[in-house]
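Engineer: One structure, pasted below without further comment.
2 protein chains.
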Amino acid sequence: MGTLRFMSTSSVRTASASGDRAPQPRYFQVKLALEKRIAELEPGMSLPPERKLATELGTSRTTLRRALAELTAEGVLSSTQGSGNYVAPPKLVHVRQLTSFSDDLGAAGLTVHSEIIDADQPSADADLATHLDIDKGAPVERLVRLRIVNDEPLALETACLPIPLDGLVDAVTTSGSLYATLHRFGIEICDVEDSVQTALATPDQGRHLKVATGTPLLLIERTSRDADGRIVEWTRSFYRGDRVRFVARGTL
Amino acid sequence: MGTLRFMSTSSVRTASASGDRAPQPRYFQVKLALEKRIAELEPGMSLPPERKLATELGTSRTTLRRALAELTAEGVLSSTQGSGNYVAPPKLVHVRQLTSFSDDLGAAGLTVHSEIIDADQPSADADLATHLDIDKGAPVERLVRLRIVNDEPLALETACLPIPLDGLVDAVTTSGSLYATLHRFGIEICDVEDSVQTALATPDQGRHLKVATGTPLLLIERTSRDADGRIVEWTRSFYRGDRVRFVARGTL
DNA sequence: CAGTCAGATTGGCATATACCAATATGGTCC
DNA sequence: GGACCATATTGGTATATGCCAATCTGACTG
């Protein structure tokens, strides 16, 4: 496979078209390379030994191990001392019960606002298509917002809607609430399914959330449906695990 | 303050009274030392620079930084490049809605069972006393169980009950379910409050859950009350973040 | 064939070192 | 006093190296 060519880590700043593209740390590029490699393996299969992998990828074992550590922390790999690193099986799912959501948080006198990071209307790739239950390539509305509480970034939220809604961004900007805006567009949510899991911050996420790359995050995915069971929204929210704790109350 | 004396990392095995006590890695001892030190500081206060701290604690900067990284990942510290490491403010709390729990999981043909790690009746320390809303020093029932699915350890669960219940352990051992057992003891749960947050595996937790020290975990704390509002149970469950994903469904 | 043991293999821990990047500091100039 | 800049300080990334500990392998032994 040959050694990788890494992007320069030096002071060269490649000013790219959209946004502040900083060069990613080497261990992260190694991680991406590993992910690509793992994608072509079956669960249970082993990776080459670390010392060999390191030279193969043109990096030190220390750096390689940092990448491996994150993949292990994410549940992509599992490693056994004396044996090797193996591709991990997919996650288990523990089904819980009812949960009702509210978009707000500003109960106790907290300053809450959102910053719109990105807003576009891309065509759905395979992954997004299945989550929204639409055809691949169909246009979708995407809205990336940074949730801020007390001037502290708390969550990075990407909402995807199956139907392009012109003027959505402006409406959300003024009202602040996506759900209130959807309501005024005549879209009514009546069914919700969401999941909670841990994730580790990518360099980009880390920059926005102001946490170090690799910090554990709480990833909350939400799928909302209308009365007819059609998916009207799919949202992935990455909450800072070091700043957030979710509490649920209920009566049996 | 002087340098610390570390436990030997060599092959000396100190066979202690209860259980398999392995010597803890050095970076973890450093972490504990830091925690003790941080406990005497106020949020916002800074730690000495890393290079100085390292020599002060008698370790290398690399090892120190691994300890610092975990504390930062846990939200205990926050660090700023070029400035320093600071004691972080306490976590925010996001209040959600209703959640109904079930103790079971064995829906889809999964092998589910528990292994009792520890069971005793200690007297409550300050922390435990406040969580159970009882007097400090009062006797409590404590039950530590390892939850296993498909021969894979999934969660480490510590349940605490405000009233010592003799024979509880045997009853739970046979029935497998804590809630079913409580029911037969005449204890009825009708109100639940729980929280979800991330945590990092300690060496002990890692050993039981078979994950590396520092792996992100989902920490779910649950407080159960009876009809009169009395707390009947306080449980901390550490789920393997790399193996579990919680899903909740609900209708608005 | 089964059991055992020595050695090789492989991941885990810790250190020393070097340099980069963001921040803080203090002096100079206007 | 305020703006600016060079420099020191401090955290962030990456490498090379050594040794420990768990595991695996294969030869040897009964």
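Keeping their order, the protein sequence lines are chains S and V.
Every position in the first sequence, counted from 1, becomes a number in our numbering once 3 is added.
Every position in the second sequence, counted from 1, becomes a number in our numbering once 3 is added.
Virtual Cβ for every residue (Gly too), placed ideally from N, Cα, C.
Here the structure is a predicted model, which is why all the values come from computation and not from measurement.
Helix, strand or coil: which one does DSSP assign to Ala-162 of chain V?
Structural biologist: strand
Engineer: Beta carbon of Gln-208 of chain V, beta carbon of Val-214 of chain V: below 9 Å?
Structural biologist: yes
Engineer: Residues in the same chain with beta-carbon distance under 7 Å from Leu-101 of chain V, minus the five sequence neighbours each way, listed in chain order, please.
Structural biologist: At Leu-101 of chain V, the pLDDT of 32 sits below 50, so the modelled position is not reliable; the number obtained from the coordinates is stated separately. Nothing meets the Cβ criterion.
Engineer: Restricting to Cα atoms, I'd like to know which of S:His-211, S:Arg-187, S:Lys-94 is closest to Ser-173 of chain S.
Structural biologist: The question names Ser, yet the displayed sequence has Asp at residue 173 of chain S. Answer by Cα proximity: S:Arg-187.
Engineer: Grab the span of the beta strand (DSSP E) containing Phe-241 of chain S for me, first residue to last.
Structural biologist: 234-243
Engineer: Which of the residues in the segment 172-205 of chain V, read from start to end, lie with their CB under 8 Å from any CB of chain S?
Structural biologist: Ile-192, Cys-193, Asp-194, Val-195, Glu-196, Asp-197, Ser-198, Val-199, Gln-200, Thr-201, Leu-203
Engineer: Can you find at least 3 beta carbon pairs, one from the segment 231-249 of chain S and one from the segment 130-138 of chain S, that sit closer than 8 Å?
Structural biologist: Yes: at least three Cβ pairs fall under 8 Å.
Engineer: Who are the near neighbours of Thr-274 of chain S in its chain, counting only those whose CB is closer than 7 Å to its CB and skipping five residues on each side?
Structural biologist: Because chain S spans 4 through 255 in this model, residue 274 of chain S falls outside it and cannot be assessed.
Engineer: Looking at the unbroken beta strand (DSSP E) that takes in Ala-215 of chain S, where does it start and where does it end?
Structural biologist: Looking at the DSSP string, Ala-215 of chain S is not in any beta strand (DSSP E), and its letter there is neither H nor E.
Engineer: Could you tell me whether any Cβ in chain V is nearer than 9 Å to the Cβ of Trp-237 of chain S?
Structural biologist: no
Engineer: If you follow the beta strand (DSSP E) that Val-90 of chain S is in, where does it begin and where does it stop?
Structural biologist: Per DSSP, Val-90 of chain S belongs to the beta strand (DSSP E) from 87-90.
Engineer: Using DSSP's beta-bridge definition, name the partner residues of Val-152 of chain V.
Structural biologist: V:Val-115, V:Glu-155
Engineer: Are the beta-carbon atoms of Asp-197 of chain V and Thr-226 of chain V separated by less than 9 Å?
Structural biologist: Taking 9 Å as the Cβ cut-off, Asp-197 of chain V and Thr-226 of chain V qualify as a contacting pair.
Engineer: Find the residues of chain V that neighbour Glu-77 of chain S, judging by a C-beta separation of less than 7 Å, and give them in chain order.
Structural biologist: Asp-245
Engineer: Measure the C-alpha to C-alpha separation of Pro-26 of chain S and Ile-166 of chain V and round it to an integer number of angstroms.
Structural biologist: 58 Å
Engineer: Please identify, using Cβ separations under 7 Å, the residues of the segment 210-232 of chain S that lie next to chain V, in order along the chain.
Structural biologist: Ala-215, Thr-218, Pro-219, Leu-221
Engineer: On a Cα-Cα basis, can you pick out the residue from S:Leu-50, S:Gly-85, S:Ala-141 that is closest to Gln-124 of chain S?
Structural biologist: S:Ala-141
Engineer: Using DSSP's beta-bridge definition, name the partner residues of Arg-225 of chain V.
Structural biologist: Arg-225 of chain V is bridged by DSSP to V:Asp-197, V:Thr-238.
Engineer: Go through its chain and collect everything with a Cβ distance to Val-79 of chain S's Cβ below 8 Å, but skip five positions before and after it.
Structural biologist: Once the five neighbours on either side are set aside, the close Cβ partners of Val-79 of chain S are Glu-38, Ile-41, Val-90, Ala-91.
Engineer: Spatial neighbours of Asp-229 of chain V within its chain, please: C-beta separation below 8 Å, excluding the five flanking residues on both sides.
Structural biologist: Ile-190, Glu-191, Ile-192, Cys-193, Asp-194, Val-235
Engineer: Arg-145 of chain V bridges to which residues according to DSSP?
Structural biologist: V:Asp-123, V:Cys-163
Engineer: Run through the DSSP bridge pairs and tell me what Leu-80 of chain V is partnered with.
Structural biologist: V:Val-90
Engineer: With 9 Å as the threshold, decide whether the Cβ of Ala-72 of chain S is near any Cβ in chain V.
Structural biologist: yes
Engineer: Kindly list the residues whose CB is nearer than 7 Å to the CB of Tyr-242 of chain S, restricted to its own chain and excluding five residues on each side of it in sequence; keep chain order.
Structural biologist: Hits under 7 Å: Leu-157, Ala-158, Leu-220, Leu-221, Ile-223.
Engineer: Tell whether a beta-carbon distance below 9 Å holds between Arg-150 of chain V and Asp-121 of chain V.
Structural biologist: no
Engineer: Rounded C-beta distance between Arg-69 of chain V and Tyr-30 of chain V? I'm assuming under 8 Å.
Structural biologist: 4 Å
Engineer: Taking 8 Å as the cut-off, is the C-beta of Leu-157 of chain S nearer than that to any heavy atom in the ligand FMN?
Structural biologist: This structure lacks the ligand FMN, and indeed carries no ligand of any kind.
Engineer: In the DSSP output, which residue or residues are listed as bridge partners for Leu-203 of chain S?
Structural biologist: S:Pro-219
Engineer: Just to check my reading of the structure: Leu-203 of chain S and Thr-184 of chain S have Cβ atoms closer than 8 Å, yes? What is that Cβ distance to the nearest angstrom?
Structural biologist: Between Thr-184 of chain S and Leu-203 of chain S the Cβ distance is about 31 Å, and since that is not below 8 Å, they are no contact.
Engineer: Would you mind reading off the limits of the alpha helix (DSSP H) that contains Gln-32 of chain V?
Structural biologist: For Gln-32 of chain V, the enclosing alpha helix (DSSP H) begins and ends at 29-42.
Engineer: Count the other CB atoms, across all protein chains shown, that sit within 10 Å of the CB of Glu-43 of chain S; report buried if there are 16 or more and exposed otherwise.
Structural biologist: exposed
Engineer: Take Gly-178 of chain S and list the residues in its own chain whose beta-carbon comes closer than 7 Å to its own, dropping the five residues that flank it on each side.
Structural biologist: Reading off the sequence, residue 178 of chain S comes out as Ser, not Gly. Within its own chain, the residues whose Cβ lies closer than 7 Å to the Cβ of Ser-178 of chain S, once the five positions on either side in sequence are excluded, are Thr-184, listed in chain order.
Engineer: Which residue marks the beginning of the alpha helix (DSSP H) containing Val-247 of chain V, and which one marks its end?
Structural biologist: Segment: none, Val-247 of chain V is in no alpha helix (DSSP H) and carries neither H nor E.
Engineer: The alpha helix (DSSP H) spanning Ser-178 of chain V covers which residue range?
Structural biologist: 171-178
Engineer: Counting only beta-carbon atoms, is Ser-63 of chain S nearer than 9 Å to chain V?
Structural biologist: No, no contact with chain V.
Engineer: Can you pull the chain S residues whose beta carbon is under 7 Å from the beta carbon of Arg-148 of chain V, in chain order?
Structural biologist: Chain S residues near Arg-148 of chain V: none, gap ~16 Å exceeds 7 Å.
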